[in-house]
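In the UniProt record's numbering, the protein residues as written are 1 to 465. The beta-carbon is built from N, C-alpha and C at its ideal position, and this holds for glycine as well.
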Ligand SMILES: Cc1cc2nc3c(=O)[nH]c(=O)nc-3n(C[C@H](O)[C@H](O)[C@H](O)COP(=O)(O)OP(=O)(O)OC[C@H]3O[C@@H](n4cnc5c(N)ncnc54)[C@H](O)[C@@H]3O)c2cc1C
């Protein structure tokens with residue numbers, strides 16, 4: 001029997017596979033696409049994802065293939081100043097295409113020993129008290145202790161466990177194509193963007209540009225063909241800019257959906273399988289990777305047999321509200337992109353207000369996920385938030401988090417005692433008057449100086465010693 005079967009080798013599935021392997025869990029990932037190809041999808045990683053890569057020692061390979069950006073404006077394209085007091089040692093995002101992110105995460109998962117089987121589609125599943133049986137398209141079955149649906153917005157896993165997927169319906173489509181252009185689009189784009197904020201052309205790499213094209217109608221049919229895209233582009237812009245050699249063509253709407261539950265027994269949903277929303281603000285992939293980091297150590301604890309009561313359920317309790325907030329942000333952004341005089345006035349007001357440092361910090365915290373705080377039941381506002389990278393002696397904290405173990409940042413002479421197989425004690429003499437207990441996802445679980453209080457929280461998060 002497999003420990004954990006992951007359906008889908010997108011960013012969420014591959015990150016989760018790696019997180020589980022850090023704990024020695026036996027992981028198999030099934031992916032229906034036979035090979036990885038160009039995807040007209042995500043274009044970047046926000047601050048919290050950059051921090052997570054650093055926490056796992058992965059930042060180097062990503063930085064090598066990405067360019068940094070630290071411009072304001074991910075909020076509905078409104079030019080906000082980048083806050084200079086963002087509490088992070090990585091105050092920037094990484095511009096990197098989704099396919100590269102997937103390749104790097106796949107390599108990481110494989111290096112750690114995950115097994116990824118491509119060209120394998122899951123069509124159904126059944127679960128009982130001991131495990132889950134997944135049925136494959138060729139009729140074969142696989143038995144696993146836990147199964148995670150990281151299989152995207154049209155998740156077969158979500159359907160198989162009969163979890164509802166609700167939200168706002170789409171009111172307008174946007175078409176996009178990653179193509180090569182023979183005409184310089186600069187002037188036409190500048191003219192059209194005066195009245196059509198949802199239209200744009202952005203250079204990607206290797207002579208490929210992303211053309212983003214608003215439509216007035218809504219379709220729930222199959223993804224558009226390149227010919228349909230060209231026809232629409234011509235009708236909208238009066239030219240198709242000589243677009244050719246499409247790498248990817250797709251369409252998304254303004255609608256959103258959130259899974260009613262993230263867990264049904266031994267089956268979990270993560271990434272787009274649990275939440276979809278328009279890509280405005282570029283948060284979907286980031287959200288999925290962060291789901292994976294939240295879920296990985298908890299599932300590993302269950303497999304290892306030390307998960308305390310409620311640990312597995314804390315995944316939904318913590319991550320669903322985060323997705324809800326992202327859905328709300330994207331709704332606000334969709335509204336701010338409406339093309340009428342009232343919305344233009346609203347954008348002008350927000351642009352003005354957004355210059356205030358507190359406002360731009362708050363909105364940037366929302367988009368970059370640095371503002372996320374899990375409700376862990378503490379009155380201390382620092383508990384539940386992610387721990388920024390800090391110096392400990394000559395080192396950085398994140399350098400000690402590569403193995404996804406718990407950590408006691410000990411500034412008051414405390415001990416982890418019999419939890420030392422799950423939690424590292426990191427002596428930090430000069431750090432301050434309180435010690436901090438960090439979970440493997442880098443969130444603060446407790447702050448204090450009392451050993452018996454610490455022991456209570458070690459038990460709460462890391463089980464019986
Ligand atoms: C135009 C566009 C721009 C975007 N820009 C950004 C951005 O800048 N930043 C950002 O964070 N997000 C962005 N997103 C969103 C991002 O692409 C998604 O949120 C992300 O791909 C979700 O990752 P995932 O791994 O959860 O799901 P997916 O990437 O959808 O991966 C699911 C995988 O499961 C496989 N699969 C599906 N069903 C089965 C099955 N039954 N059996 C086996 N395998 C299966 C699929 O083939 C796929 O590989 C954008 C999206 C679009 C469309």
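Whether residue i touches residue j by CB criterion (8 Å)
| i | j | result |
| --- | --- | --- |
| residue 67 | residue 40 | no |
| residue 151 | residue 293 | no |
| residue 285 | residue 55 | no |
| residue 327 | residue 258 | yes |
| residue 463 | residue 306 | yes |
| residue 301 | residue 311 | yes |
| residue 281 | residue 75 | yes |
| residue 200 | residue 189 | yes |
Coarse secondary structure for residue i, derived from DSSP in three states
| i | result |
| --- | --- |
| residue 51 | helix |
| residue 259 | strand |
| residue 394 | coil |
| residue 446 | strand |
| residue 329 | helix |
| residue 427 | strand |
| residue 25 | coil |
| residue 78 | coil |
| residue 96 | coil |
| residue 457 | helix |
| residue 127 | strand |
| residue 90 | coil |
| residue 339 | coil |
| residue 245 | strand |
| residue 200 | strand |
| residue 319 | helix |
| residue 214 | strand |
Of the listed residues the options, nearest to residue i (C-alpha basis)
| i | options | result |
| --- | --- | --- |
| residue 452 | 206, 278 and 414 | 414 |
| residue 271 | 308, 81, 100 and 323 | 323 |
| residue 391 | 378, 402, 375 and 427 | 427 |
| residue 315 | 124, 148, 213 and 131 | 148 |
| residue 470 | 249, 439 and 174 | Because the chain in this structure spans residues 1 to 465, residue 470 falls outside the shown range and cannot be described. |
| residue 163 | 348, 1, 262 and 387 | 262 |
| residue 212 | 155, 278, 154 and 46 | 278 |
| residue 175 | 159, 144, 226 and 161 | 226 |
| residue 230 | 249, 222, 429 and 218 | 249 |
| residue 5 | 210, 329, 143 and 173 | 143 |
| residue 436 | 120, 454, 394 and 34 | 454 |
Residue burial classification, residue i (beta-carbon count within 10 angstroms, cutoff 16)
| i | result |
| --- | --- |
| residue 357 | exposed |
| residue 234 | exposed |
| residue 220 | exposed |
| residue 64 | exposed |
| residue 510 | There is no way to answer for residue 510, as the model of the chain reaches only from 1 to 465. |
| residue 126 | exposed |
| residue 245 | exposed |
| residue 291 | buried |
| residue 362 | exposed |
| residue 48 | buried |
Other residues of its chain near residue i: CB distance less than 6 Å, five sequence neighbours each side excluded
| i | result |
| --- | --- |
| residue 59 | 53 |
| residue 475 | Outside the displayed span of the chain (1 to 465) sits residue 475, for which this structure offers no information. |
| residue 14 | 105, 106 and 109 |
| residue 243 | 179 and 181 |
| residue 266 | 127, 132 and 146 |
| residue 112 | 18 and 21 |
| residue 397 | 389 and 390 |
Close Cβ partners of residue i (< 7 Å) along its chain, the five nearest in sequence each way excluded
| i | result |
| --- | --- |
| residue 434 | 411, 412, 447, 448 and 449 |
| residue 416 | 408, 423, 425 and 458 |
| residue 196 | 214 and 339 |
| residue 103 | 36 |
| residue 89 | 388 and 389 |
Contact set for residue i: own chain, Cβ-Cβ below 8 Å, skip 5 residues either direction
| i | result |
| --- | --- |
| residue 432 | 411 |
| residue 337 | 76, 77, 197, 198, 280 and 343 |
Near ligand 2: residue i beta-carbon under 7 Å from a heavy atom
| i | result |
| --- | --- |
| residue 440 | Questions concerning ligand 2 fall outside what the structure shown contains, since the ligands it does hold are ligand 1. |
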